[in-house]
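**Student:**
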Amino acid sequence: MRRSVLVGTGSALPKKVVTNSELAQRVDTSDEWIVERTGITQRYIADEGETTSSLATDAARRAIEAAGFEPASIDLIVLATATPDQTFPATATIVQHNLGCGGGIAFDVAAVCSGFLYALGVADSMLRTGMAKRAVVIGSETFSRILDWEDRTTCVLFGDGAGAVVLEAQEQAEGETPRGVLATKLHADGAHNQLLFVDGGPSTTGTVGQLRMKGREVFRHAVVNLADVLNEVLESEGLGTADIDWLVPHQANARILDGTAKKLGLPPAKVVKTVDQHANTSAASVPLALDQAVRDGRIKAGDLVVLEAMGGGFTWGASLLRI
187 MRRSVLVGTG SALPKKVVTN SELAQRVDTS DEWIVERTGI TQRYIADEGE TTSSLATDAA
247 RRAIEAAGFE PASIDLIVLA TATPDQTFPA TATIVQHNLG CGGGIAFDVA AVCSGFLYAL
307 GVADSMLRTG MAKRAVVIGS ETFSRILDWE DRTTCVLFGD GAGAVVLEAQ EQAEGETPRG
367 VLATKLHADG AHNQLLFVDG GPSTTGTVGQ LRMKGREVFR HAVVNLADVL NEVLESEGLG
427 TADIDWLVPH QANARILDGT AKKLGLPPAK VVKTVDQHAN TSAASVPLAL DQAVRDGRIK
487 AGDLVVLEAM GGGFTWGASL LRI
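Final position of the sequence shown in the numbering used here is 509; the numbers increase by one with none missing.
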């Protein structure tokens with residue numbers, strides 16, 4: 187059987203760190219208010235010259251180096267983002283050019299905070315069917331550029347960054363413990379558009395727009411949907427929560443992470459949390475957290491890991507991997 191095996195991870199963050207206290211000088215908020223409601227203490231904000239493509243390129247390059255590959259051997263790039271450099275062409279093509287691996291497949295996926303899971307599912311399908319042999323899957327965002335910095339209920343929640351993984355199609359013999367992407371489950375429900383959205387776009391306002399969110403409603407849906415999709419992806423492989431070594435969830439809010447873990451009966455020690463340092467980096471949050479946990483030694487070869495996320499749309503999904 188051919189499977190998509192994860193062979194490298196990487197991430198990149200802007201140079202500029204903005205603490206809660208610094209943010210409180212700009213909007214009517216405080217460090218205590220933000221920490222109590224979100225668990226966030228700081229975030230990284232892209233400066234002039236730092237873009238979604240530049241962060242994505244850096245993260246991808248580090249993931250390729252970790253895999254021990256040459257960039258020219260990558261024949262598929264799938265980039266998840268809600269903040270592309272341009273309306274078109276796809277930001278993935280810019281990253282492809284930056285890496286020096288032109289001629290293969292490169293495109294963007296738009297599913298907001300669930301984007302990385304959607305991109306992973308697409309790349310996995312293409313590798314399994316032989317359309318490509320080596321893929322870089324990236325989540326990269328400069329969300330700071332679509333925030334309303336006068337709205338303290340949203341601007342304190344988000345940050346910028348990028349994360350990436352390298353997948354390689356590998357043949358695995360029958361009977362051996364399967365590695366790589368074992369299963370992915372994805373969902374969407376457009377009925378909830380107005381709960382988390384950007385109020386602009388090329389075909390409506392002709393502007394980029396700014397992020398709008400009804401936080402209480404999003405929180406309620408997030409805890410239920412994330413727990414349901416995690417159980418769904420585990421059940422598809424005949425597994426339960428007790429079998430998980432690590433959960434790497436979308437880093438939206440510490441309360442959502444805690445609520446989901448409690449609903450699943452999952453020990454907090456098995457949940458990778460980076461929301462305090464990075465805030466919500468949308469499509470970048472899952473691969474950012476994954477890379478950190480791989481590089482600090484928590485996640486090791488052979489571990490069973492679940493990635494999960496929910497974002498505007500609503501979209502949500504989960505992926506089960508054996509590292």
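We put the beta carbon where it would ideally sit given N, CA and C, even for glycine.
Could you check the C-alpha separation between Val281 and Ala242 for me, to the nearest Å?
**Tutor:** Using only the alpha carbons, I get a separation of about 7 Å.
**Student:** Based on the DSSP secondary-structure assignment, which residues constitute the bridge partners of Lys202?
**Tutor:** Ile231, per the DSSP bridge assignment.
**Student:** Going straight from the alpha carbon of Lys449 to that of Phe255, what length do you get?
**Tutor:** Approximately 40 Å, taken between the alpha carbons.
**Student:** Among the candidates Gly290, Ala296, Ala369, whose CA atom is the shortest distance from the CA of Glu418?
**Tutor:** Taking only the C-alpha atoms, the option nearest Glu418 is Ala369.
**Student:** Say whether the segment 430-450 touches the segment 262-280, bearing in mind that this needs 3 or more beta-carbon pairs closer than 8 Å, one atom from each stretch.
**Tutor:** No, the segment 430-450 is not in contact with the segment 262-280.
**Student:** For Glu494, report the span of its beta strand (DSSP E) as first-last.
**Tutor:** Looking at the DSSP string, the run of the beta strand (DSSP E) that includes Glu494 is 490-497.
**Student:** Please identify the residue among Asp477, Leu506, Gln463, Arg508 whose C-alpha is closest to the C-alpha of Ile220.
**Tutor:** Answer by Cα proximity: Gln463.
**Student:** Identify the continuous beta strand (DSSP E) that holds Leu506 and give its terminal residues.
**Tutor:** Unbroken beta strand (DSSP E) run through Leu506: 501-508.
**Student:** Starting from Phe383, trace the alpha helix (DSSP H) in both directions and tell me its first and last residue.
**Tutor:** No alpha helix (DSSP H) holds Phe383; the beta strand (DSSP E) holding it covers 382-384.
**Student:** Less than 7 Å between C-beta atoms, sequence neighbours within five positions excluded: which residues of the same chain meet that for Phe383?
**Tutor:** Contacts found: Arg398, Gly498.
**Student:** Looking at Ile263: is its Cβ nearer than 8 Å to the Cβ of Ala292?
**Tutor:** Closer than 8 Å, so yes.
**Student:** Just to confirm before moving on: does the CB-CB distance between Pro473 and Ser197 stay below 8 Å?
**Tutor:** Result yes, Cβ atoms of Pro473 and Ser197 sit closer than 8 Å.
**Student:** Would DSSP call Gln463 helix, strand or coil?
**Tutor:** Residue state, collapsed to three classes: helix.
**Student:** Restricting to runs no shorter than 3 residues, where is the beta strand (DSSP E) found entirely within the segment 322-369?
**Tutor:** Counting whole runs of 3 or more residues, the segment 322-369 contains the beta strand (DSSP E) stretches 346-357.
**Student:** Gly386: which of Gly325, Glu494, Asp334 sits nearest, CA to CA?
**Tutor:** Among Gly325, Glu494, Asp334, the Cα nearest to that of Gly386 belongs to Asp334.
**Student:** Is there contact here, the segment 347-355 with the segment 492-506, by at least three beta-carbon pairs under 8 Å?
**Tutor:** Because the criterion of three Cβ pairs below 8 Å is not met, the segment 347-355 and the segment 492-506 do not touch.
**Student:** With a cut-off of 8 Å, do at least 3 Cβ pairs link the segment 202-213 to the segment 318-328?
**Tutor:** Flag = no, the segment 202-213 and the segment 318-328 do not touch.
**Student:** Output the distance between the C-alpha atoms of Gly347 and Gly395, rounded to the nearest integer angstrom.
**Tutor:** Going from the Cα of Gly347 to the Cα of Gly395 covers about 20 Å.
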